[in-house]
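Presented below is the structure to which this report refers.
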Amino acid sequence: DQQVKQNSPSLSVQEGRISILNCDYTNSMFDYFLWYKKYPAEGPTFLISISSIKDKNEDGRFTVFLNKSAKHLSLHIVPSQPGDSAVYFCAASRARFGNEKLTFGTGTRLTIIP
Amino acid sequence: DAGVIQSPRHEVTEMGQEVTLRCKPISGHDYLFWYRQTMMRGLELLIYFNNNVPIDDSGMPEDRFSAKMPNASFSTLKIQPSEPRDSAVYFCASSLGSGLYNEQFFGPGTRLTVL
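Top to bottom, those sequences are chains G and Y. Using the working numbering, the final residue of the first sequence is 114, and nothing's skipped along the way. Using the working numbering, the final residue of the second sequence is 115, and nothing's skipped along the way.
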């Protein structure tokens with residue numbers, strides 16, 4: 001039972017355009033959400049996060065939006081750069097409950113076309 | 001800081017053999033996590049430790065899998081006997097403390113192939 005879903009296995013975007021990666025979750029107890037980025041032959045690295053008390057968090061070119069009623073979050077990258085080509089994982093946790101577990105999605109492979 | 005260290009980086013073995021994966025967390029981190037990455041299921045949490053004590057092993061797929069953390073700087077994940085369906089990339093991650101800031105630092109992974 002996949003509680004965190006990334007329904008697009010891959011996405012291609014032109015350099016300079018906006019990349020939008022989507023993530024859906026089913027567990028309403030999740031209250032903290034993270035995006036991790038993974039390059040080939042490396043481990044995932046933390047990118048950006050958002051608490052359920054917010055609906056938006058921005059860090060430079062990266063913005064994460066959270067729609068709690070729809071149980072949906074998205075990561076916007078603008079403008080997209082070739083170095084953004086990677087696999088992006090969405091993750092969720094029950095941080096308020098002191099739960100250290102992260103539940104990850106299956107990932108979306110983003111390719112930025114020069 | 002060296003980051004999370006995993007060994008070996010690649011492991012090829014035959015079905016039925018024992019496989020041991022190793023992890024050295026970041027010094028001072030008190031949480032250690034073992035994940036498995038597959039195309040179908042993404043990153044799955046297998047087990048995690050707090051201060052060397054296993055907290056949740058509900059993700060361990062079968063009794064063939066076991067994990068230990070004898071001290072704060074070393075952990076192993078063992079598969080005995082291994083099967084072809086165990087082929088995956090196994091990641092170790094560590095973090096400092098719990099609560100809202102659950103940033104986990106991942107190692108480079110071990111790619112396991114069971115023939």
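Note that the Cβ used here is the ideal one computed from N, Cα and C, for glycine as well.
Asked	Found
According to DSSP, simplified to helix, strand and coil, what is A41 of chain G?	coil
If contact is defined by three or more beta carbon pairs under 8 Å, each pair taking one atom from either stretch, is the region 24-35 of chain Y in contact with the region 85-95 of chain Y?	yes
Any beta-carbon of chain Y closer than 9 Å to the one on T103 of chain G?	yes
With DSSP as the reference, identify every bridge partner of A88 of chain Y, one or two as the case may be.	Y:L112
Quick one: list the residues of chain G neighbouring Q104 of chain Y, beta-carbon separation under 7 Å, in chain order.	L102
How would you call T110 of chain Y, buried or exposed, if buried means at least 16 neighbouring beta carbons within 10 angstroms?	buried
I'd like the span of the beta strand (DSSP E) that includes V12 of chain Y, first residue to last.	H10 to T13
Closest by CA to S85 of chain G, which one among G:A41, G:S28 and G:I113?	G:I113
Can you tell me whether P79 of chain G is helix, strand or coil according to DSSP?	coil
Between the region 54-64 of chain G and the region 74-94 of chain G, do at least 3 Cβ pairs fall closer than 8 Å?	yes
Considering only C-alpha positions, which residue in the set Y:Q17, Y:P84 and Y:G97 is nearest to D30 of chain Y?	Y:G97
Between the region 13-29 of chain Y and the region 99-110 of chain G, do at least 3 Cβ pairs fall closer than 8 Å?	no
Apart from the five residues just before and just after T113 of chain Y, which ones in its own chain have a Cβ nearer than 6 Å to its Cβ?	V12 and S87
Have a look at N50 of chain Y and R41 of chain Y and give me their C-alpha separation to the nearest angstrom.	25 Å
Where does F74 of chain Y fall in DSSP's three states?	strand
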